[in-house]
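Below is one structure; the comments refer to it alone.
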Amino acid sequence: MPDACFQARWLDTRTLFKPIYDDDDWTGARLNAFRSVECNLIISHNTKAQTTFTVFHMSREADLATMMSKVLDLKDYTFQPALLPFLLTQYHMFQLRWFQSTVHNDLDVTSLDVTNMPRGLTALTNAMAMEAIVVAILVGLVEFMSTMIDTHRAIGPDDMLTELRYHVDSMREECRDSSMSMQHRKESVQAMVQMVYAVLQQRDNEINHRYGADMRVITAITLVFLPGTFVATLFSASFWNFAPDNTGSKVSGWVWLYFVATAILTLLVLSVWRGFTVLKQFKKTALQVWRRNPVLAKLRKEKKALRDVETGDKVD
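Here our numbering is used: the sequence shown runs in plain steps of one and ends on residue 321.
The following block contains the structure:
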């Protein structure tokens, strides 16, 4: 039994193989559902003795208990190699229905709070991506089941094979319906994503418009009070002396120093601001030239390859 089953350990998923190469009485199959760490099934069947050996692994104990219960209920038919793959496919079809129901309910009750909707829609998108993987795997399982039934049709019994074919056809139709339903939900989520981003953009535009109106009000108030503030500041300086008891000059001879210092500081501030703007634009342009230059791109690739070799990240 170990030799008959474990000859398949190196084979690919859903593979028919010959457990004992020189003995035509033996046939075998290996089935990995989802990932080998989650579900691994190896079957070896002796057509002459009508005996079937199975090595079955499932990572979750509850799933394994459910499968064993189904097998015990049909123990009189366990000699048929197609039985256990059928039960496994049927069980995962049930899991798919539950998963689709959960995703569909999540889609129906998605919060209308625009702020939190992107998070929920992202979770739904990830769930539907997982659903697409599950459906694709189940399609392969169903086709594998059909192949196994045709391969072992001589074993019988005929009524069991007829029922298996009926269920396989039903599973095939359900997988097709699931694909169509999944595509519908995918398009619905995409439409909702576009709607959410459109609403968020409209909200941002309204906020920016409101902020712009506030800034215009602040600018108008500043323009109204700035001339008076400037005049009050200027004539409160010690360069001016309009006191009634002043019999001398009303204006100091150094008043020109105030205007010169003000002009120099203003030009300095404007020059520094302009310089930072020009420097930022220059760095952006230089970076674009660096990325687009083919010679520099080749040098970067060679430098990266040399660094990978030195650090051992790249193995030839």
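Yeah, the Cβ is synthetic: ideal placement off N, Cα and C, and Gly gets one too.
The alpha carbon of L79 has as its nearest neighbour, out of L92, A67, N210, the alpha carbon of L92. Per the coordinates, the alpha-carbon of I48 lies some 23 Å from the alpha-carbon of V139. Taking C-beta atoms under 8 Å as the contact rule, N45 and H62 qualify, at a distance of about 4 Å.
Of M73, I154, S74, the smallest CA-CA separation from Q85 is found for I154.
Where T56 is concerned, the enclosing beta strand (DSSP E) starts and stops at 56-63. For A203, the enclosing alpha helix (DSSP H) covers residues 163-240. By the Cβ neighbour-count rule, P299 is exposed, with fewer than 16 other Cβ atoms within 10 Å of its own. The Cβ-Cβ distance between T56 and L89 does not fall below 8 Å. W31 is bridged by DSSP to N51. Note: L36 is bridge-paired with L46 in the DSSP secondary-structure output. Under the criterion of beta carbons closer than 8 Å, K53 and D30 qualify as touching, at roughly 4 Å.
A distance of 8 Å or more separates the beta carbons of V194 and M122.
G33 sits buried, since 16 or more C-beta atoms from the chains shown fall within 10 Å of its C-beta.
In this structure, the beta-carbon distance from V147 to R177 falls below 8 Å.
Exposed is the label assigned to S106, since fewer than 16 other Cβ atoms lie within 10 Å of its Cβ.
The three-state secondary structure of W245, taken from DSSP, is strand. In this structure, F235 lies away from Y263, with their beta-carbon atoms at least 8 Å apart. The alpha-carbon separation between E136 and R181 amounts to approximately 13 Å. Taken atom to atom, the span from the alpha-carbon of L126 to that of A70 is near 35 Å.
Spanning the alpha carbons of V274 and T227 requires a straight line of approximately 20 Å.
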